[in-house]
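Per my numbering, residue 107 is the first one in the sequence shown, and the count goes up by one each step.
Working notes for the structure below.
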Amino acid sequence: MKTIVVIEDEQALLKNIVRILSAEGYNSIGAENGEAGIQLVRAHHPDLILCDIMMPGMNGYDVLTELQSTPETVLIPFIFLTAKTERADIRQGIELGADDYLTKPFDADELIGAIEARFRKDELQKERMLELNDELARLRQVLEAKDGLFDNLSQELRRPMSNINVALKMLSEKDTSESRERYIQILREEFTRELNLLDRVSEMKKLLTPENVSLLRQFNMLTQ
Numbered sequence: 107m108k109t110i111v112v113i114e115d116e117q118a119l120l121k122n123i124v125r126i127l128s129a130e131g132y133n134s135i136g137a138e139n140g141e142a143g144i145q146l147v148r149a150h151h152p153d154l155i156l157c158d159i160m161m162p163g164m165n166g167y168d169v170l171t172e173l174q175s176t177p178e179t180v181l182i183p184f185i186f187l188t189a190k191t192e193r194a195d196i197r198q199g200i201e202l203g204a205d206d207y208l209t210k211p212f213d214a215d216e217l218i219g220a221i222e223a224r225f226r227k228d229e230l231q232k233e234r235m236l237e238l239n240d241e242l243a244r245l246r247q248v249l250e251a252k253d254g255l256f257d258n259l260s261q262e263l264r265r266p267m268s269n270i271n272v273a274l275k276m277l278s279e280k281d282t283s284e285s286r287e288r289y290i291q292i293l294r295e296e297f298t299r300e301l302n303l304l305d306r307v308s309e310m311k312k313l314l315t316p317e318n319v320s321l322l323r324q325f326n327m328l329t330q
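Right, dumping it as structure tokens:
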């Protein structure tokens, strides 16, 4: 069950929001002012915060600023409840770190819609982070093994070239068609082996795309 802290100084509206959220299956906790709301957030670490802007004492902007200042609460989704619709007011909240605005008056469908939209966005972000972690783990494995892989490939690439060189020398010294055919077959086999090794090099190069290089540098896993 997801927990939502509601910070609203209007008693009737606070009770109504808590009732709606409880009916939708959320664990909703109400606070009548900013100070009490911050205490509830720190005590319960909710999944989302609904907060009025215009409140006596600590207003909504102050609450958001305080919660943005600590690592434990900075990532909790935050939705403002407000009767203020001026663009400057909305921009101020977004710049402070608010995730959304819900303009008063609103009905139950609008309230639940905004909350569910926020949770869906969080789930998508978490899925992307899991994918990113998997990709980083894969790239880390490549980096950890790259030196050994390239050394091994370097040695393997030299072996066919050496064999080809020997076969060419022996081919030039042999007069019988049987001997020449045998060394020609060796050349074919070594040529095929060389192509396979080059294909492996190409596959490794595909891992070092500009996107992967940028990602590795972003997480300090690759030097400039």
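Here a beta-carbon is modelled for each residue, glycine too, at the ideal position from N, C-alpha and C.
Note that this is a predicted model, so its numbers are computed, not measured.
- The alpha carbon of residue 147 has as its nearest neighbour, out of 129, 162 and 176, the alpha carbon of 176.
- Residue environment for residue 181: exposed (fewer than 16 other C-beta atoms within 10 angstroms of its C-beta).
- If only uninterrupted beta strand (DSSP E) runs of at least 3 residues are considered, those enclosed by the region 135-195 are 154-158 and 184-188.
- As computed with DSSP, residue 112 is found in a beta bridge with 136 and 156.
- Counting of Cβ neighbours within 10 angstroms places residue 235 among the exposed residues, the total staying below 16.
- Rounded to the nearest angstrom, the Cβ distance from residue 179 to residue 173 is 4 angstroms, consistent with a contact under 8 angstroms.
- For the pair residue 214 and residue 110, the Cα-to-Cα distance works out to about 15 angstroms.
- Counting only the Cα atoms, residue 243 lies some 39 angstroms from residue 135.
- Taking 7 angstroms as the cut-off, the beta carbon of residue 205 is found closer than this to the beta carbon of residue 184.
- The Cβ-Cβ distance between residue 143 and residue 137 falls below 7 angstroms.
- In this structure, 156 is the residue among 197, 164, 156 and 238 with its C-alpha nearest to the C-alpha of residue 222.
- Residue range 206-209 is occupied by the beta strand (DSSP E) that includes residue 206.
- Taking 7 angstroms as the cut-off, the beta carbon of residue 161 is found closer than this to the beta carbon of residue 139.
- Your pair residue 130 and residue 200 does not check out as a contact, with CB atoms roughly 26 angstroms apart and the cut at 8 angstroms.
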